[in-house]
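Here's the structure we're looking at; comments come further down.
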């Protein structure tokens, strides 16, 4: 005859609880890793914004200087043209 039936509910529930505990630990580690990566990306973005702002200032200064020099050349050419006519 078959052996006496055994109650399998308790061992199944224990394994489910162990699985849930392991999953919680993995999720916690993932959150820590994700938070560190997010902070690293934020610092890189801040650095790139500062760099971009600095390049914009340099570009404006360069364009302004170039515009001044071109204006001076245009004035000289206009003065030379006025003398010859």
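In full-length UniProt numbering, the protein residues as written are 1 to 85. C-beta atoms are modelled at their ideal positions from N, C-alpha and C, and glycine is treated no differently.
In the structure shown, the three-state DSSP call for residue 33 is helix. Taking C-alpha positions only, residue 9 is separated from residue 30 by approximately 31 Å. For residue 6, the three-state secondary structure derived from DSSP is coil.
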